[in-house]
Each structure stands twice: as C-alpha cells, then as structure tokens.
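Converting from the sequence shown to my numbering requires adding 15 to each position, the first position being numbered 1. For glycine and all other residues, C-beta sits at the position ideal for the given N, C-alpha and C. For reference, the structure is listed below as structure tokens.
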Amino acid sequence: MSKKKSNLKADIRQAVRDMYSKTGQVDNEAIKSRFLAKHPGQESRINNILCFSLQQRSGKDVETQSGPSKTYCKQNENTTDVTKCDRKVNADKGRINYIMNNEHQNGHAILQDFQDHLSTNSPNGRPSSFTPSAVPSLANQMCFLSPNDQGSCTPEDQDCTSVQNAVLISSTARAMPSQFALMGGLRGQQSALPRDPRVMLNTNVPFSAFICGVQGTGKSHTTSCIIENCSLPLPTLGALKQPLSTLVLNYNEYSSNVGAQPCEAAFLSSVLPEWSKQGLFIRVRVLVPPSNFYSLKQMYSQIPNVEVQPFRLKPHHLNISTLLSLMCMGNGDQMPLYMSQVIRVLREMAIENKGGTFDYLDFRRRLDDLNLNRMQTPFLHQRLDLLDSYLDLKGEHNGDYFIDGGITILDLSCPFMDQATTCLLFRITLELFLHAHSSRGKMIVADEAHKYLSETPAAKDLTETFLNIIRQQRHLGVRTVISTQEPTISPRLIDLCSMTIIHRFTSPEWYRTIRKHITIGDQSNNNSTEESLDGLREIACLRTGEALVFAPSAYLLDENNSVINATHKGFKMAIRKRITWDGGRTILCVR
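Structure follows, in structure tokens:
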C-alpha cells in the first residue's frame, strides 16, 4: 500500500509541473478529475496532495518573480475565489505536512494506523483496492506440522522424537539415541515388570539430576555411575562416541592433614580389574588451593592416573561483580564507611574501561592510594590477600584448566578457606568452564552440595548460578548433577531438574519438602496424615542401591511394550554396579 501512496503523490506533482511548464498555469479540476478516474474513493487524499503541490509551486514563484504572485486556480475565478483557495492551501498545510513527514517514520504503530485512516475514505479503513491474501495449500505446509519429519525419523516411527529427548529410556525402545549407557533396572511387582527391565541414560541430550538420600544408601554410587556413563566409552555399557568434559565441585572443612578426605570422584580413574583389560580409563585432574597444594598432592598422588595442579586464576577472569561478592556486598547488605570509597574506585574503573576487561592490578594500586587503615578494614584486606594467593600474577599457567573428555575436580579443602570464598571461586570456575572451555559436551557435578550450599549470601548466589545453568542447559549443552544428603538446601533445584533420584531416608520433614515439588504419595488426600505418609513408607523401605525416580520425560515400556506414564508418577529403579573403584564404600572391620 505504501508504494501505491508514494506513486500517487509523485504522479500528481509531476502533472502539476508538466501543466505549469506548458501553459504557465494549473487547472485544479482537470488534474483532480484525471486522478479520480484512476483512483476512485481517494478524493480527499488527491485534494491534499494537489493543494500541497500548489503551495510548493507558489513558494517557488515568489522567490523567482517580483510583484504579485500568479494565481493557479481556475482561469475564470475572481479575486475572492483565489483568496479562498490560498486560505485552503494554508489551512491544509499543517495537516498535509504532518501526513507527508510521518509516512517514512517507523514510530508508534497506533500513529501509523491513524495516518492510514486519514488517507482512506473506506468505512473499514481499508483502501478500495484491498484484496485478502490467499492461504497456502495444505500440502505445502504439512511438512511444518508433521511431528515425524525430524532428522532421520520415518513416518512409521511415532516415538522417535520422544526417545531422542527422553533422559531415561527402556532398552526395548525401537530407536535409541546416538549416545546412551546402562543406568539400572526397573523394580516392582514381578508380574508387572517387562522381560527386559533395563533403563538407559540418554547422555546425548542435556539433562539435570537432583540426587538425595542419607549416607550409605547409594547416593554417591548413583552419581559416580552417571559420570561413568558420560566419560567411559565401554561397549558393554552402551554407546559413547563423544565423552563429556566433567567438572566436579568438592569442599570439605579442612581440620588437619590426617583428617583430610579425597573427593570420591577421584577414584573414577581406577577401573576395576575385570574391566581394565580393555585398556580404558578416565583421565582425572584435581585442582587444589595453592596454600594447601603439597598436602593435597601427597594425598591424591596415592590414586593412579590422577594429576594434581594448583588452582590459579588469571587476573582478567575477575570482574566488578566478583569483587563485590568477595567483599560480601549484596544488594541488601549494610555498607561500611570505607566501602563507599572502594565502590567509587570500582565505578570509576567501570566508566574508564568502556566495557573492556577488568584490570585487577590497577584496582589494587588505586586501593593502595586510598591509604585505608588495615586496622579498620581487616576483613577487606584478608579477603583480598586470600584472592591474591589464587591469582597467576606471573603468567605461569597458560593452558586449559579442564580435561577434554575427562574429569576435572576442583577441591577447595583448605584451612584458610571459608564457605563464602569457596562459593565465590566455584562461581568463577563455573563461568570459565561454560564459556572458556571448548568442549561441546559438558557436565557439572556438585558433590556433597549440602557442605557449601547453605543460607549464607554467597551460597545463595551459587544456588542462583546453578538455577540459571539448569534453565539454559539446552543452550549451553551442559548436564548438571546436584548430589546432597539434605533435600531442603534448595528445593527450587527440584522444580527445574529433569529427574529427581531419591534414595532411602526416614525424615518426615524431608518428605514434606520434596512432596511440595514433585508428585509423590497420594496427593488427593492432603487432609489425611495417614494417607500422605504412604510415599514416605515407600522411600523408607528402599534397599541400598535402590531409588525412587521421578523423570517426566522418561520413555519406559511395560511388559506389553506400552509406554508407561511417568509424567506424574515415580518408578522404582535399582542402580547398576560400577565399573570403577568405589571411593565411598563403607569401611568395615572385616571384609
């Protein structure tokens, strides 16, 4: 429509110029009649354009000729008629300029709609030449509606999409994903079990898992089996064409060298003898605090195929938000007097670098220039001094922190580390792992998360980081596993995770917390305490290694090869045996 409007305006102006150049005057009625025949129903617009063109022509004549201006109305009109014509031209000038000047603006939609209304006389606001668009044929658009037209799926395979996107899959599914591995077997009444009870973990798609249970029920065993499935290309387990890069976060309150415990994930480097003949193993690297490097290296060096390195950050890995978190300056925190000067320095640096890399060394120099009394700011300098010990100020480390296709453990167990600093360094490492590491497939494991995901501000920030990662897991290509003894640390994680794996516990408080976030027990009897505890009895009766699993996307088949509805109901599963040595086994007097 805009093109037609533009052509009409140009044609009228050209007609005015042509008539004036031939006769020295303009016949309004002749031009109007000519264009009304071509554009019926647009009389008002033609009048506006014609008067505007006459106004422009009159202005040019005033500039080039002296004396009274010529009249370009009808030849037989008297002075009074000419005056009326001039008044009409001047009166319409503001309206015409408004319409013309706004035709080429991309401003408010309602104003554009109003301008279109002014330019038409049709009752419904549409031009007389309006014709409705034709709908494309069904045959041409059916390819956009067919759920089976994805990838290599054939029309006969109705369940292909469900299998490819499911986190857990029955082994009898007609089409398996590109990567999968054995996770366990279905448990239940023998008559209702399928002949093939195996359940496969789909390692090809991003997923998130929340694992909980008391100590000794198989929680760490399940976590290790998930890591094995994503890291060990053992044909007996399944198909793994591209092992994932895994980051394991570990923190223990360090008391002494004697009381230190290695991260259980480090033992994934030791394949059991019956499987080691195939020559497969998982590369494991442990990053430890520089202040506790030698003690932890001596401990981890007793595990084969494990390399230990000090964890040192580059200064450019820091930013203003990180420093504010380090100094425990949250949105609702009360700011000490000296912090106003520190905030001012950070604000000035943010303005000066214009979105560039944060210069930590320049920040320290400016901080020294403030001449802050260390006696009045011991907490600030203590945090900054600790951060300095983690920085690679000499540029000695130039490689990647993380092993491609292997396991990288960040163990921040150190007598000089507190929970707040640990959570901050975990956040920095997660950012580096997600955006600086080049691996296509990644997995993050928060082992024993209850040890650092507490109610402190730094822990809440780390929890928010996990929530954001899970929300974007498909776009980041990352799998997230949260393993904890206490499901109450952050129930919001349960809401977002692809699957929740519950091992045995007997706490009614834990059960009430979980029941608010997943469908467990008889939800219809909320007023009956006896009925509401049915789910807790089922959990309390689980054996070691068994789990109650909630995975809405699971694609499971029963004995009749019919799909089991797992959307609003959990199922019992026994986790498979491990391929690697179990570092979390119970220590007995006699084996």
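Distance between beta carbons of Ile318 and Ala281, contact taken as under 8 Å: Locating residue 281 in the sequence shown gives position 266, counting from the first residue. Locating residue 318 in the sequence shown gives position 303, counting from the first residue. Rounded, the Cβ-Cβ distance is 5 Å, consistent with contact.
With which residues is Met588 paired in a DSSP beta bridge? On the sequence shown, residue 588 is found 573 positions in, with the first residue counted as 1. Partner(s): Leu201, Ala562.
Of all the alpha helix (DSSP H) runs that stay within the bounds of the stretch 295 to 329, which reach a length of 4 or more residues? 308 to 315
In the DSSP assignment, what residue or residues form a beta bridge with Leu408? In the sequence shown, residue 408 corresponds to position 393, counting from 1. DSSP lists no partner for Leu408.
Nearest residue (CA-CA) to Gln488, options Pro192, Cys512, Thr478: Mapped onto the sequence shown, residue 488 falls at position 473. Closest option to Gln488, Cα to Cα, is Cys512.
With a threshold of 6 Å on Cβ separation, who are the neighbours of Leu311 within its own chain once the five nearest residues in sequence on each side are excluded? On the sequence shown, position 296 is the one that residue 311 refers to. Counting only Cβ-Cβ distances below 6 Å, and skipping sequence neighbours, we find Val303.
For Arg213, report the span of its beta strand (DSSP E) as first-last. Walking along the sequence shown from the start, residue 213 turns up at place 198. Unbroken beta strand (DSSP E) run through Arg213: 213 to 217.
Own chain partners of Ile241 with C-beta closer than 7 Å, once the 5 adjacent residues on each side are dropped: On the sequence shown, position 226 is the one that residue 241 refers to. Correct list, in chain order: Leu216, Ala224, Val496.
Extent of the continuous alpha helix (DSSP H) to which Ala188 belongs: By 1-based counting over the sequence shown, the position of residue 188 is 173. Unbroken run through Ala188: none, as it is neither H nor E.
Judging by CA-CA distance, which residue of Ala581, Gly585, Gly560 is the nearest neighbour of Ile529? As a position in the sequence shown, residue 529 is number 514, starting the count at 1. Ranking the options by Cα distance to Ile529, first place goes to Gly585.
Among Arg527, Gly492, Leu491, which has the Cα closest to the Cα of Pro506? Numbered from 1 along the sequence shown, position 491 holds the residue referred to as residue 506. Considering only alpha carbons, the answer is Arg527.
When the cut-off is 8 Å and only beta carbons count, does Phe586 lie next to chain D? Among the protein chains of the structure shown there is no chain D, as only one such chain exists.
Please name the residue, chosen from Phe448, Ser454, Arg455, that lies closest to Thr480 on a Cα-to-Cα basis. The residue given as residue 480 occupies position 465 in the sequence shown. With distances taken between Cα atoms, Thr480 lies closest to Phe448.
Check each candidate in Leu571, Val578, Glu561 and name the one with the smallest Cα separation from Arg202. In the sequence shown, counting from the first residue as 1, residue 202 sits at position 187. When each option's Cα is compared against that of Arg202, the closest is Glu561.
Helix, strand or coil for Thr251 per DSSP? Numbered from 1 along the sequence shown, position 236 holds the residue referred to as residue 251. Three-state DSSP puts Thr251 in coil, outside helix and strand.
Per-residue DSSP class, three states only, for Met514: Residue 514 sits at position 499 when you count from the first residue of the sequence shown. Met514 falls in the strand class under three-state DSSP.
Please report the distance separating the alpha-carbon of Ser285 from that of Phe378. Taking the first residue of the sequence shown as position 1, residue 285 is located at position 270. Taking the first residue of the sequence shown as position 1, residue 378 is located at position 363. Cα to Cα, Ser285 sits roughly 45 Å from Phe378.
Whose C-alpha, out of Arg213, Arg327, Lys592, Thr238, is nearest the C-alpha of Arg494? The residue given as residue 494 occupies position 479 in the sequence shown. For the residues Arg213, Arg327, Lys592, Thr238, the minimum Cα distance to Arg494 belongs to Thr238.
Straight-line Cα distance separating Leu264 from Gly599: Position 584 of the sequence shown holds residue 599. Position 249 of the sequence shown holds residue 264. Cα-Cα distance, rounded: 16 Å.
Output yes or no for whether 8 Å exceeds the beta carbon distance between Pro330 and Leu376. In the sequence shown, counting from the first residue as 1, residue 330 sits at position 315. In the sequence shown, counting from the first residue as 1, residue 376 sits at position 361. Yes, they are a contact pair.
CB contact flag (Gly421, Ile297, <8 Å): The count along the sequence shown starts at 1 and reaches residue 421 at position 406. The count along the sequence shown starts at 1 and reaches residue 297 at position 282. In this structure, Ile297 lies closer than 8 Å to Gly421 by Cβ.
First through last residue of the beta strand (DSSP E) which encompasses Arg210: Walking along the sequence shown from the start, residue 210 turns up at place 195. Counting along the chain, Arg210 falls outside any beta strand (DSSP E), and DSSP gives it neither H nor E.
Beta strand (DSSP E) segment containing Ser498, residue limits: Here residue 498 corresponds to residue number 483 of the sequence shown, with the count starting at 1. Unbroken beta strand (DSSP E) run through Ser498: 493 to 499.
Taking 8 Å as the threshold (C-beta atoms), are Lys37 and Leu65 in contact? Taking the sequence shown and counting its residues from 1, one reaches residue 65 at position 50. Taking the sequence shown and counting its residues from 1, one reaches residue 37 at position 22. Their beta carbons are not under 8 Å apart, which means Leu65 does not touch Lys37 by this criterion.
Ser428 beta carbon less than 8 Å from that of Tyr266: Along the sequence shown, read from residue 1 onward, the residue named residue 266 stands at position 251. Along the sequence shown, read from residue 1 onward, the residue named residue 428 stands at position 413. Cβ distance < 8 Å, so Tyr266 and Ser428 count as in contact.
Can you find a heavy atom of the ligand PLP that lies under 7 Å from the Cβ of Ile535? What this structure holds is no ligand at all, so the ligand PLP is not there to describe.
Near Leu262, which residues of its chain fall below 6 Å by C-beta distance, leaving aside the five closest residues on each side in sequence? Here residue 262 refers to the residue found at position 247 of the sequence shown. Cβ within range, chain order: Thr423, Phe448, Ile459.
Exposed or buried, Val14, counting other C-beta atoms within 10 Å across all chains shown (16 or more means buried)? The structure shown does not extend to residue 14, since the chain is modelled only from 16 through 606, so no value can be given for it.
Leaving out the 5 sequence neighbours to the left and right, which residues in its chain are closer than 6 Å to Thr444 when beta-carbon positions are compared? Position 429 of the sequence shown, counting from 1, holds the residue named residue 444. Result list for Thr444: Leu425, in chain order.
Backbone CA spacing between Tyr35 and Val41 [nearest angstrom]: Here residue 35 is taken as the residue at index 20 of the sequence shown, counted from 1. Here residue 41 is taken as the residue at index 26 of the sequence shown, counted from 1. Taking the straight line joining both Cα atoms gives about 6 Å.
Roughly how many angstroms lie between the CA atoms of Tyr309 and Ala474, to the nearest whole one? Your numbering for residue 309 matches position 294 in the sequence shown. Your numbering for residue 474 matches position 459 in the sequence shown. Going by the C-alpha atoms only, they are around 28 Å apart.
Taking buried to mean at least 16 other C-beta atoms within 10 Å of its own C-beta, is Met157 buried or exposed? Walking along the sequence shown from the start, residue 157 turns up at place 142. Exposed, since its Cβ has fewer than 16 Cβ neighbours within 10 Å.
Less than 8 Å between the C-beta atoms of Leu126 and Met514, yes or no? For the purposes of this step, residue 126 is taken as the residue at position 111 of the sequence shown. For the purposes of this step, residue 514 is taken as the residue at position 499 of the sequence shown. It is not a contact, given that the beta carbons lie outside the stated cut-off.
Given 8 Å as the limit, is there contact between the stretch 221 to 236 and the stretch 516 to 527, that is, 3 or more CB pairs closer than that? yes
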